[in-house]
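Last residue of the sequence shown: number 177 in my numbering, and the count goes up by one each step with no gaps.
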Amino acid sequence: RFFDTVGNSMVRHLDFSIVKCILVASPGFVKEKLMEYILSTERSEFKPLQENKSIFVFCHSSSGHKHAVSEILSDPNITSRLTDTKAAGEVKALGDFYTMLKNEPARAFYGPAQCIAASAQEAIDALMVTDSLFRSSDLAERKKYVKLVEDVKGYGGTVHIFSSLHTSGEKVSGT
C-alpha cells in the first residue's frame, strides 16, 4: 500500500517532460524495493514511471527525515550526477555564499535593505531569494523583490530563486 501511494503521488505530481532527475533515498533497502515494485507491477498508472526509469538516482541517506536531503546533496558522487539540475545549482550557490561569508564577510550581504543598496550600486554578482517572496500577499513587497531581481539581471548579475519547499530554500529564508 505504501509503494502504491508513493507511485501514484509521483505520477500525479511530477511532469516528466520537465523533471530531469528524481533522487530516491533511504537508510535501508526501501528505495530498491520501491523501484522493484514500480517496475514489476502491471498497473497502467505506473507506466510513466516505468518509461522514465533512467531519471531515477538511488542514494543512501542516514535517515528518512527532511534534513537528510542536505546530506545527500552535499555528496560529491550525487552532485556530479545532478550537474544539469536546478537543485544542484542552488546547492552550489548556497555553498559558495557560505564560503564567501566565512572567508570574505565584507563581500557577503543578506537582508532586503542591504541587497537593495548593493543592487543600486550594481554590486551584486549573485542574488539568492526564495520563491515565497513572490507569493507574498503584500503587493508592495512582491514588487520590491521583482524589481530587485530585474535590476540584478539587468546589469549582468546571476539570480538564484530557491524553492521554499527545498531544504536549501529554507536555509536562504532562515527558517
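Each residue gets a CB set at the ideal place from its N, CA and C atoms; glycine is no exception.
If you follow the alpha helix (DSSP H) that V151 is part of, which residue opens it and which one closes it?
Indexing the sequence shown from 1 puts residue 151 at position 149. From DSSP, the alpha helix (DSSP H) with V151 extends over L141 to G156.
Which term fits S65, buried or exposed, when burial requires 16 or more other beta carbons within 10 angstroms of its beta carbon?
Sequence index remark: in the sequence shown, residue 65 carries index 63 (1-based). That one is exposed.
Would you please state the rounded distance, in angstroms, between the beta carbons of V151 and L129? I believe it to be under 8 Å.
In the sequence shown, residue 151 corresponds to position 149, counting from 1. In the sequence shown, residue 129 corresponds to position 127, counting from 1. Rounded, the Cβ-Cβ distance is 7 Å, consistent with contact.
Would you kindly check if the distance between the Cβ of I74 and the Cβ of K22 is under 8 Å?
For the purposes of this step, residue 22 is taken as the residue at position 20 of the sequence shown. For the purposes of this step, residue 74 is taken as the residue at position 72 of the sequence shown. Going by C-beta atoms, K22 is not nearer than 8 Å to I74.
According to the Cβ coordinates, are G113 and H162 closer than 8 Å?
The residue given as residue 113 occupies position 111 in the sequence shown. The residue given as residue 162 occupies position 160 in the sequence shown. Result no, Cβ atoms of G113 and H162 do not sit closer than 8 Å.
According to DSSP, is L16 helix, strand or coil?
Numbered from 1 along the sequence shown, position 14 holds the residue referred to as residue 16. Residue state, collapsed to three classes: coil.
Assuming G9 contacts L51 (C-beta within less than 8 Å), just tell me the rounded distance between them.
Your numbering for residue 9 matches position 7 in the sequence shown. Your numbering for residue 51 matches position 49 in the sequence shown. Correct: roughly 6 Å between the Cβ atoms.
Round the Cβ separation of F60 and V26 to the nearest angstrom and send it over; I've been treating them as touching at under 8 Å.
The sequence position of residue 60 within the sequence shown is 58, counting from 1. The sequence position of residue 26 within the sequence shown is 24, counting from 1. With 8 Å as the limit, F60 and V26 qualify as a contact, their Cβ atoms being about 5 Å apart.
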